[in-house]
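Engineer: Below you'll find the structure I mean.
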Amino acid sequence: MIQEENTQKTIEEGISSDVFNLRNWDLSTLADTAIEYGLKAIGAILIIIVGFWLAGKISKLIQKSMSTSNMTISMRKFIESLFKMIFKILVILVAMSTVGFQVTAFVALLGGLAVGVGMALQGSLANLAGGILILIFKPFKVGDYIQSLDKMGTVEEISVLQTILLTPDMRTVILPNGSVFNNPIENYSKFGVRRVEIGIGIGYEDDFDKAKEVLMEVFKNEPLMLDDRDYVLEINEFGDNSVNLAMYGYTRTENYLQAKWNLNRATKKALDSNGFNIPFPQRDLHLVSGFDKINNNS
13 MIQEENTQKT
23 IEEGISSDVF
33 NLRNWDLSTL
43 ADTAIEYGLK
53 AIGAILIIIV
63 GFWLAGKISK
73 LIQKSMSTSN
83 MTISMRKFIE
93 SLFKMIFKIL
103 VILVAMSTVG
113 FQVTAFVALL
123 GGLAVGVGMA
133 LQGSLANLAG
143 GILILIFKPF
153 KVGDYIQSLD
163 KMGTVEEISV
173 LQTILLTPDM
183 RTVILPNGSV
193 FNNPIENYSK
203 FGVRRVEIGI
213 GIGYEDDFDK
223 AKEVLMEVFK
233 NEPLMLDDRD
243 YVLEINEFGD
253 NSVNLAMYGY
263 TRTENYLQAK
273 WNLNRATKKA
283 LDSNGFNIPF
293 PQRDLHLVSG
303 FDKINNNS
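Take a look at the structure:
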């Protein structure tokens with residue numbers, strides 16, 4: 013009984029001592045701690061602001077220095093965006109270290125989460141890999157006119173994760189790099205020239221040699237067509253209503269659409285002025301004998 017009373021007395025004395033120490037705690041210590049961490053937080057914010065500003069400035073300097081090199085525009089933009097991303101990550105780590113975070117522990121935590129994040133971001137990692145492969149193997153570059161994933165347009169930008177196209181009707185199309193690289197790509201600008209094909213039909217009763225002579229003049233008179241490449245005009249097939257001709261020549265890639273429009277217009281005028289009729293599907297109705305009798309009985 014006496015031992016229990018002594019134990020309770022000891023506990024009460026300990027509690028009283030703690031309360032006394034708390035009451036006599038120097039409030040200046042609390043203020044100093046708040047000021048210390050407040051200054052660290054302000055310093056971290058300033059580091060992030062200045063660091064991100066420097067990232068933009070340095071990336072522009074890098075881009076300017078690379079402009080005199082033999083690197084493609086696509087490669088320069090990719091390196092610039094990759095540098096900015098890495099620099100910003102380093103700035104954030106420095107800011108965290110300033111506040112008091114254990115950066116090494118944070119990096120280790122990131123390493124531990126890498127597998128899980130990698131599984132969650134498989135698509136993004138595939139797009140990153142696709143972007144790198146596009147820049148290495150160069151199936152296209154900025155300014156090329158391509159078709160991929162059923163989309164056609166001029167390549168405006170190749171970034172880390174995506175390729176941006178501008179369509180002829182001024183629409184922006186964003187394609188993931190992983191899907192682009194793993195699917196067929198048609199590059200119409202690779203060799204700088206493009207074949208213009210015109211499909212036209214003439215009647216079975218028309219003179220092919222005369223039609224060929226007329227249409228070859230159409231090609232020769234079109235200034236956008238290249239004279240150093242041969243024009244082709246031959247019978248392609250015998251259709252149900254017409255003799256279908258295959259005619260084509262070559263033009264600069266950037267002139268393709270205008271050259272095709274010019275040739276279509278000139279072809280129609282040339283055939284009309286030389287007495288050729290462009291056939292079209294039609295159906296002839298033949299009245300059988302006795303039709304009037306059947307009609308009257310009905």
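In terms of my numbering, the sequence shown has 179 at position 167, counting the first letter as 1, and numbering is strictly consecutive. Backbone N, C-alpha and C define an ideal beta-carbon position, used for all residues, glycine too.
#1: Whose C-beta lies closer than 7 Å to the C-beta of Gly55 among residues of the same chain, with five residues either side of it excluded?
#2: Hey, would you say Met237 sits closer than 7 Å to Gly261, going by beta carbons?
#3: So the candidates are Gly68, Pro180 and Leu145; which of them puts its Cα closest to the Cα of Tyr268?
#4: What are the partner residues of Ala258, as DSSP defines its beta bridges?
#5: Could you please give me the residues that DSSP links to Tyr157 through a beta bridge?
#6: Going by beta carbon distance, what residues of the same chain come within less than 7 Å of Tyr216, once the five residues before and after it are set aside?
#7: Take Glu92 and list the residues in its own chain whose beta-carbon comes closer than 7 Å to its own, dropping the five residues that flank it on each side.
#8: Answer yes if the stretch 288-299 comes into contact with the stretch 231-247, meaning at least three C-beta pairs across the two stretches below 8 Å, and no otherwise.
#9: With DSSP collapsed to three states, give me the class of Leu140.
#10: Name the one or two DSSP bridge partners that Gln174 has.
#11: Could you tell me which residues DSSP puts in a beta bridge with Glu198?
#12: Which value, in whole angstroms, describes the spacing of the CA atoms of Pro151 and Ala141?
#13: Give me the DSSP bridge partner(s) of Val205.
#14: Applying the criterion that 16 or more other CB atoms from any shown protein chain within 10 Å of the CB defines a buried residue, is Thr175 buried or exposed?
#15: Please tell me whether Ser160 and Thr265 are closer than 7 Å, where the distance is taken between their beta carbons.
#16: Can you tell which of Val205, Ala138 and Gly143 has its C-alpha closest to the C-alpha of Tyr157?
#17: Counting along the chain, where does the alpha helix (DSSP H) carrying Phe231 start and finish?
#18: Could you pull out every residue in the same chain whose Cβ sits closer than 7 Å to the Cβ of Ile197, ignoring the five residues on either side in sequence?
#19: If you measure between the beta carbons of Ile290 and Leu257, is that distance less than 7 Å?
#20: So Lys272 and Val192 are supposed to be a Cβ contact under 8 Å. How far apart are they, rounded?
#21: Consult DSSP for Met237 and reduce its assignment to one of helix, strand or coil.
#22: Please name the residue in Ile146, Gly135 and Leu137 whose C-alpha comes closest to that of Ile85.
#23: For Ile59, which residues in the same chain have their Cβ closer than 7 Å to its Cβ, ignoring the five residues on either side in sequence?
#24: What is the DSSP secondary structure of Met182, reduced to helix, strand or coil?
#25: In three-state terms, what does DSSP make of Arg295?
Structural biologist: Inspection of the coordinates gives the following:
#1: Thr110
#2: yes
#3: Pro180
#4: Gly211 and Glu246
#5: Thr166
#6: Val255
#7: Ser71, Ile74 and Gln75
#8: no
#9: helix
#10: Pro188
#11: Gln159
#12: 15 Å
#13: Arg264
#14: buried
#15: no
#16: Val205
#17: Phe220 to Lys232
#18: Pro151, Phe152, Ile158 and Ser160
#19: no
#20: Not really, about 27 Å apart at Cβ, beyond 8 Å.
#21: strand
#22: Ile146
#23: Val103, Val106, Ala107 and Thr110
#24: coil
#25: coil
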